[in-house]
Every structure is written in C-alpha cells, then in structure tokens.
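Trainee: Okay, handing you the structure first.
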Amino acid sequence: MSDIPISPRRAETRQRLLDGAVGVFADRGVLAASVEEICDRAGFTRGAFYSNYASKNDLVLALLEQDRERQQAMVDGVAASGLVDRPVTSSDEIGALVESAVRRFVSKRRLDRDWVMASAELRLYAAREPEIRQAFLAHQRATEAELLQSALTIARRSGCEFTVPLDSVLQIFDDMYEGTLLQALLHHPELGDEERVQACLGPFIHVITSIVRPVGDGSPV
565 MSDIPISPRR AETRQRLLDG AVGVFADRGV LAASVEEICD RAGFTRGAFY SNYASKNDLV
625 LALLEQDRER QQAMVDGVAA SGLVDRPVTS SDEIGALVES AVRRFVSKRR LDRDWVMASA
685 ELRLYAAREP EIRQAFLAHQ RATEAELLQS ALTIARRSGC EFTVPLDSVL QIFDDMYEGT
745 LLQALLHHPE LGDEERVQAC LGPFIHVITS IVRPVGDGSP V
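Those letters in the sequence shown? Residues 565 to 785, per this note's numbering, in order.
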C-alpha cells in the first residue's frame, strides 16, 4: 500500500473495513469470507472496498501491518514501564517479575473474542495460501524481534537471562500466548475479555518463569 498520506475520511473508511473484516473472519474464517460480507459488516459498497483495497488478500496484509504497528507500540510501552529498577536474585523475585511483565503485556493486547478468533483464522489462512504465507511470516518475524528486544531490556535491568536459546524463547512465548487466548475462550466465555485471559495465565507464567535465572547462575546457554 502507498505511503502517501490519506484523508481522515478515507482513513475512517479503511478502518471500518478492517473492523468489519475481523468480525467476518472470526465468524466464517478468512477463506470462506467474501468481499460482499465484509462490505455488509462495515456498511459500505463493493466500490468503497475496491477503492481502498485491491483484493481480500490486500486487506489481510493491511490488517497484519496494523497489528504489527499496534504491537510495537505496546511492546515499547511495556519495556519502558519501569517494571524493575534493581537486580532480582531469588526465585520468588523472578516469579513476581515474570508475572508482572506477562500480565502487563496481556493487558495491553487486543483480547476481544472477534480478534482472538480472527487471529487464529489468519494463521490458518497463511498456512493455506502461498500468496499470504511469506507476508505473514515477515509479520511474525518483525513482531518477534520487537518482543525479544523488550524481553531483553527487562532482563538486563533485572540482572536476569534466559536458560534456553533466544529463538526458543520466542517460540515458547508465541505458542503459549496463542494457546492461552483460545483456552480462555473455551473455558471462560462468560467472563469479560481481559478477565477471561488473565484467569488462564498461570501455566504461561509458570513456563516463562522456568526459563529465567539470575545472570551467571548456571552454565552459559
């Protein structure tokens, strides 16, 4: 998509189309979703859609980019939030730090049912569609790099390090996070968005805590 500035009205139209797409993707999946359904959900005509996006895949790419930008701002905020101002040394302190960081991270993410479902559907769509796969992987790599930088910043400030290679840290975090969101929907559909996810974070926090230690407390990774 072009970097040329767009008018506020057109930006609003694009956002409504993106929001409409999230709802349709959550209900129908990306593959089954049609441009007509997205337009109906957003309250626009096909003409409005095609004046902003060349295709459904073009909209998917815009949605991925918007999510990356939002996550970058969120990750930067967590890293700069002053979670720790001194080294931690005991297992209890490490556990408390990890819990605080994870809960802060999750509280700043989009956690509504439509986005959680649409995010899972986008992964499945990327696995099926070669045209989207590379863009999705690039989005994932960029997101992971930002997350890793935030995690390393917090680790340095607290005098901690990870006990497994950094690429493994990212894989563990991604798998646990996505799994937690879906488990929360399955087990606590009656709760509010953040309350539902926060209630299911115990295993996630436990696993992350298990791969963090004070610097020098063990063999190098």
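Positions of the beta carbon are idealized from the N, C-alpha and C atoms, including for glycine.
1) Buried or exposed: PRO767, going by 16 or more other Cβ atoms within 10 Å of its Cβ?
2) Give the straight-line distance between the Cα atoms of ARG610 and GLU693, rounded to the nearest whole angstrom.
3) For the putative contact between LEU628 and PHE737, defined by C-beta atoms under 8 Å, what is the C-beta separation to the nearest angstrom?
4) Exposed or buried, what is ARG605 when buried is set at 16 or more other beta-carbons lying within 10 Å of its beta-carbon?
5) Would you kindly report the start and end of the unbroken beta strand (DSSP E) that includes ARG777?
6) Can you list the beta strand (DSSP E) stretches of 3 or more residues lying completely in the segment 613 to 659, in chain order?
7) Determine, using beta-carbon pairs with one atom in the segment 764 to 778 and one in the segment 700 to 711, whether at least three such pairs fall under 8 Å.
8) Span of the alpha helix (DSSP H) holding CYS603?
9) If we call anything under 8 Å between Cβ atoms a contact, is VAL776 one with VAL639?
10) Bridge partners of CYS724, per DSSP?
11) Exposed or buried, what is SER619 when buried is set at 16 or more other beta-carbons lying within 10 Å of its beta-carbon?
Mentor: According to the structure data:
1) exposed
2) 23 Å
3) Their Cβ separation, rounded to whole angstroms, is 19 Å, which puts LEU628 and PHE737 out of contact at 8 Å.
4) buried
5) 776 to 778
6) none
7) no
8) 599 to 606
9) no
10) Looking at the DSSP assignment, CYS724 forms a beta bridge with PRO778.
11) exposed
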